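Residue numbers (full-length UniProt numbering): 1 to 789.
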């Protein structure tokens, strides 16, 4: 009997969404499900993933079976739990299985193959021209060599005659990163010390500290030239070590272990009890801003480790939650590992291997941390569970928070969903007893929640000093800065001016590749599209009527900073948005400078609302919240309420109450009123009624099918075909609501048009099963988004 493996090829093609059979040779008998292997496929060498194995007599098969050529790794890459998770992602989110499996891969490209041709001298006739062109000591040729030596027909003939043979070398596309170190060896002779003073200092440093990374030597002021000279003289040596990447997140200062409040103690007791039961349990930890949820997470992770297990802590964006992450790093030391987008592939692979080998038991990261090889996972925490960044915006379009719940069932461990303002869906689940609810209503220092004042921007008397800032906000900012405190100003738009318009003919400057206005960025003196990132020089005149009367309207964070520099001249102002944080660690550096007092006003987009606990922040200004309230999504009210509450929560986290000014043109809006009182219950009560009335989650499930392409007419025809199929398949079911095809709010992005169809239903599983068997899943130019945001 032979052992056959059913494998899936690591190539993101809808047409390869099936398995292929290969024989496992005797030398690779250790291979089983979850291993990555190397197989011959369609004339190439490809990486594949073994999904299952079986015993069978291949002599009785009606088709030929090739052998697996080798293993990619020295270990089984996919655990049974990882494979189970991938199958669920593929089934629930209607994506191919390989798209789901590739989420777990550090490098999606798979193995790297290099083609070369070996010369078979024993088969080449002695009078063949090749012998005059190539020395017989040459054993192989590259593809470039062959192009120089042969014409196309000559090359084909040499292959068929066996004069040359095609070979491939295969290697994994990633490895654990190495770091260069320097270590002392023989002492510097006494007679040489006078003319080698720098080397003497370096040798003394190395003798005191032992081996150190070369970059550490540079930090101490020793140049690369001095280090090389010391090595060349035989007094030191260079060597390479695996690079430690668990500490690459940086440091925000030592944080002391705190005494628990009564609410924290009760929360810890309930979560730890759930861990001890070793079964799935969903827990919503609803704690006001500053109530100490991080300390509860740490104590719960302590329990997971005490049970010999691992803990997974998910955060929306790790670069913006450095303080919480640093707390874990100080508490758990080398036992914590970070997974985030700022790591290189090699660093991510190294961190994955730390988890694989059981060297780290606390895994902290963004949604990509879900795909680590957990061993005995005993706790999952999802901080700020409502955050939209948990949702992936490319295939497969999974929601990290929802996937974490499924994984908690798979690993039979509790999952803690933490938030001051939980999503309406999650709070509904708690209210209907689907998950447990723990509340923490008091701040750690028992400081009252910030006082929030609403300012009606329609009233002229409120805007005497500036059209951007009400007088009350300017007065608060000046008072705060003069008192030695800090302030945060929120506006969820970057750039300087958001629209450029010709006042003569009304022409609006738009991106030629997207259906959006170009944004003026004053620091670069360029117009930029915030969707395709294309940029253009400032126009001197209108391209339509050639008038030079161009109006710069709308405000972004750059304009706010410029105006505040004039209106509050005593302030030192920093900006935190996508433009100011493009470099690695720049977000952390800006926040550290703000924390350490280099700046006393921080202006930014929603980045400023992300769970920062910065001492001395006593004032917050919320500007332009009406834009978010009017977004074309059923989640607009929820997003606006959460942003206001989270922004307000950055203030008054010490022992002094903070103050928030909320500028709005709709002060009577129930969201504004509830947020000003920081009354989540009032907001939820109103919002859940709207959701039920209009048929939105949590009462209905949503599925969006988007057709896209370069030609609008072709996209429209495809959308009409999809809509007709959906109507046909659901004609006997009254439980589905299907909207006719509609243009997306931004119907063209990157020269691509988008037309969508929204489907509502209490149970979409039957329809998803039909879609899985239809052309919708097979054709290109169609996006399926389950549970769209």
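Idealized CB from N, CA, C, for every residue including glycine. Model, not experiment: these values are computed from the prediction.
Burial check for residue 10: the Cβ neighbour count within 10 Å reaches 16 or more, so the residue is buried. For residue 733, no alpha helix (DSSP H) run applies, since DSSP gives it neither H nor E. Only residues of its own chain outside the window of five on either side were considered, and among them 518 and 529 have a CB closer than 6 Å to the CB of residue 511, listed in chain order. Boundaries of the beta strand (DSSP E) harbouring residue 3: 2-9, taken from the DSSP string. Three or more Cβ pairs drawn from the region 632-644 and the region 418-426 lie within less than 8 Å of each other, which places the two stretches in contact. A contact between stretches requires three or more CB pairs, one per stretch, nearer than 8 Å, and the region 304-315 meets this requirement with the region 358-369.
The three-state secondary structure of residue 181, taken from DSSP, is strand.
Contact between the region 583-594 and the region 456-470 is absent: fewer than 3 CB-CB pairs across the two stretches fall below 8 Å. Beta-bridge pairing by DSSP links residue 287 to 440. In this structure, the CA atom of residue 128 is about 36 Å from the CA atom of residue 67. Exposure of residue 781 is indicated by the presence of fewer than 16 other C-beta atoms within 10 angstroms of its C-beta. Checking the DSSP bridge columns, you'll see residue 383 partnered with 418. When only Cα atoms are considered, residue 456 and residue 622 end up about 12 Å apart.
In the DSSP assignment, residue 527 falls outside any alpha helix (DSSP H) and within the unbroken beta strand (DSSP E) covering 526-528. Between the region 190-200 and the region 224-234, the count of C-beta pairs closer than 8 Å reaches three or more; the two stretches touch. A direct Cα-to-Cα measurement between residue 691 and residue 768 gives close to 23 Å. When DSSP states are grouped into helix, strand and coil, residue 600 belongs to the coil group. Contact between the region 271-283 and the region 403-417 is present: 3 or more CB-CB pairs across the two stretches fall below 8 Å.
Taking the C-beta atoms as reference points, residue 12 is found nearer than 8 Å to residue 102. Taking a C-beta distance under 8 Å as the contact criterion, residue 393 and residue 315 do not qualify as a contact pair. Unbroken alpha helix (DSSP H) runs of no fewer than 4 residues, entirely contained in the region 102-166, are found at 130-133, 143-149 and 152-161, following chain order.
In the three-state reduction of the DSSP assignment, residue 47 falls in the strand class. Of the candidates 568, 277, 8 and 632, the residue whose Cα lies closest to the Cα of residue 411 is 277. About 5 Å separates the CB atoms of residue 497 and residue 554; that is less than 8 Å, so the two are in contact. About 10 Å separates the Cβ atoms of residue 706 and residue 742, ruling out a contact at the 8 Å cut-off. Runs of the alpha helix (DSSP H) lying entirely within the region 719-783 and spanning at least 4 residues, in chain order: 765-772 and 775-778. Per the DSSP secondary-structure output, residue 30 pairs with nothing in a beta bridge. Shown here, residue 424 sits in a helix according to DSSP, grouped into three states. Annotated three-state conformation of residue 618 is strand, per DSSP.
Residue environment for residue 603: buried (at least 16 other C-beta atoms within 10 angstroms of its C-beta). Using a Cβ-Cβ distance cut-off of 8 Å, the region 70-77 and the region 21-41 are in contact, since at least three pairs of beta carbons, one from each stretch, lie closer than that value.
When beta bridges are read from the DSSP output, residue 399 appears opposite 391.
A straight line joining the alpha-carbon of residue 122 with that of residue 54 spans about 42 Å. Nearest neighbour of residue 187 by Cα position, chosen from 470, 737, 164 and 204, turns out to be 204.
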